[in-house]
Every structure is written in structure tokens, then in C-alpha cells.
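Sequential numbering from 858 applies to the sequence shown in this note's numbering.
Idealized CB from N, CA, C, for every residue including glycine.
Structure record follows, encoded as C-alpha cells.
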Amino acid sequence: MTEFNFIFKDYSEEESRIYEGAMKEIMQNIKNGMSFRDAVDSVQVDDNELKALIEDDALKILIAELCYVSKIPFEELANMLKLPLETIRKANFEMLEDVQLTLDNTFNKKRKGNA
Numbered sequence: 858m859t860e861f862n863f864i865f866k867d868y869s870e871e872e873s874r875i876y877e878g879a880m881k882e883i884m885q886n887i888k889n890g891m892s893f894r895d896a897v898d899s900v901q902v903d904d905n906e907l908k909a910l911i912e913d914d915a916l917k918i919l920i921a922e923l924c925y926v927s928k929i930p931f932e933e934l935a936n937m938l939k940l941p942l943e944t945i946r947k948a949n950f951e952m953l954e955d956v957q958l959t960l961d962n963t964f965n966k967k968r969k970g971n972a
């Protein structure tokens with residue numbers, strides 16, 4: 858597994874509001890037939906770091922909901938979102954790494970008191 862710093866961002870109330878609003882708008886745009894890129898680009902978020910996190914999360918949520926829950930193949934999702942298949946695969950891998958790191962962090966926190 859690739860090593861990287863796993864950082865949970867603590868959002869301010871304003872950032873949370875922006876995040877939630879942008880996420881809803883992106884998902885609705887995709888439901889309305891927009892490509893992923895157009896859906897993300899149509900959302901106004903002034904903070905570039907926050908917008909990048911929103912974009913990253915939106916793609917991972919779509920992969921989880923459509924590929925893992927609804928059983929849509931990666932190839933079909935890539936076509937639906939008008940993204941390269943490699944982008945879907947890379948985001949999926951990162952999502953699985955996120956899950957693994959979350960599990961590891963949770964497990965390690967629980968073990969510290971039981972040593």
C-alpha cells in the first residue's frame with residue numbers, strides 16, 4: 858500500500874455549509890446528465906483546496922454508491938461521467954486506502970489502552 862499522510866480536515870461551520878451545498882449541486886448536475894467535470898466546474902467554491910476536497914469526495918461517493926451498491930461496472934461509470942477509466946480506478950484505489958487507514962487508526966486507538 859502507498860504511504861501518505863492521512864489528514865482529516867476539520868471544517869468550520871462556513872466550510873461545512875459550502876461543502877454540503879456544493880456536493881448537493883454536483884450530484885444533482887450529474888443526475889441531470891452533466892459530465893463529472895462539468896458538474897464540478899459549474900459549482901462556485903472560492904477556496905481551491907476545499908473545492909479539490911469536494912471533487913475528490915464526490916467521485917468517491919459516486920463510486921461507492923454506483924459501483925459497490927448498485928453494481929455498475931467501472932467502465933460504465935466512466936462512460937456515464939465522461940471520465941477516463943483510469944481516473945475511476947485511481948479514485949477507487951484511493952478510496953479503499955482511505956478506508957484501510959481509517960480502520961487502522963481506529964484499531965490502533967482502541968489497542969493503546971489494552972497494551
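In terms of Cα proximity to V956, the closest of I875, E882, K917, S869 is K917. Pairing I945 with I920 gives a Cβ-Cβ distance under 8 angstroms. Looking only at P941, N949, D867, K967, the smallest Cα-Cα distance to R894 is reached by P941.
For K928, there is no enclosing alpha helix (DSSP H), as DSSP marks it with neither H nor E. Per DSSP, reduced to three states, the secondary structure at Y876 is helical. A909 counts as exposed, since fewer than 16 other C-beta atoms from the protein chains shown sit within 10 angstroms of its C-beta.
In the structure shown, L934 falls within a helical segment according to DSSP collapsed to helix, strand and coil. By a beta-carbon distance limit of 8 angstroms, I875 does not contact A896. Their separation comes to about 16 angstroms.
When rounded, the separation of the alpha-carbon atoms in E872 and L907 is 8 angstroms. Residue burial is scored here from C-beta neighbours: V902 has at least 16 other C-beta atoms within 10 angstroms and is therefore classed as buried.
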